[in-house]
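Trainee:
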Amino acid sequence: MIFQFGGITAQDSLTTLGTMQPTSKFGELFQYSNPMAAAAGYVAGHILYPEMELGAAYDRAIQSQVFDPLGMKSGPTLLARWPQIMPALTLKISMAIASDA
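The sequence shown maps to residues 364 to 464 in the numbering used here.
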């Protein structure tokens, strides 16, 4: 599931995250994790839209916090590349929420 994108739900991502084991001591080295980045996005979406299901809250957060400020109303090319750009957008939302806290 680590390299799958299509058909993965928020719960699937969090379940995968729950099965991961550390490969180094905390703070010893940086390691990027797609499931961790996805979890950060779901947390950010939930903070902004707590009444919504996690996946829907994430989608709305991406739209309202990233796409709308950029004036992006549609983007089929963007959607086709979503698996490659999702981690960077998740980070942007997480950083925006952190800076407002």
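No residue lacks a Cβ here, since even glycine has one placed at the ideal position from N, Cα and C.
State the Cα-Cα distance for the pair serine 376 and leucine 392, rounded to the nearest angstrom.
Mentor: Rounded to whole angstroms, serine 376 to leucine 392 spans 23 Å at the Cα level.
Trainee: Please classify isoleucine 365 as buried or exposed, where buried requires at least 16 neighbouring CB atoms within 10 angstroms.
Mentor: Because isoleucine 365 carries a pLDDT of 46, less than 50, the predicted location of this residue cannot be relied on, and the following value inherits that uncertainty. Isoleucine 365 should be labelled exposed.
Trainee: Would you tell me roughly how many angstroms separate the C-alpha atoms of alanine 424 and glutamine 394, rounded to the nearest one?
Mentor: Taking the straight line from one Cα to the other gives about 25 Å.
Trainee: On the three-state DSSP scale, how would you describe phenylalanine 430?
Mentor: Correct three-state label for phenylalanine 430: helix.
Trainee: If you draw a straight line from the C-alpha of methionine 415 to the C-alpha of threonine 382, how long is it?
Mentor: Distance between the alpha carbons of methionine 415 and threonine 382: 25 Å.
Trainee: I'd like the list of long-range same chain contacts for isoleucine 371, defined as Cβ closer than 6 Å, with 5 residues on each side in sequence excluded.
Mentor: Closer than 6 Å at Cβ, skipping near neighbours: no residue.
Trainee: Starting from the Cα of glycine 404, find the closest Cα among Pro432, Phe389 and Gln374 and give me that residue.
Mentor: Comparing Cα positions, the closest option is Gln374.
Trainee: Which whole-angstrom value is the C-beta distance of alanine 402 and tyrosine 412, which I expect to be below 8 Å?
Mentor: 16 Å between Cβ atoms; not a contact.
Trainee: Are the beta-carbon atoms of leucine 417 and serine 396 separated by less than 9 Å?
Mentor: Not closer than 9 Å, so no.
Trainee: List the endpoints of the continuous alpha helix (DSSP H) containing glutamine 374.
Mentor: Run containing glutamine 374: 373–382, per the alpha helix (DSSP H) assignment.
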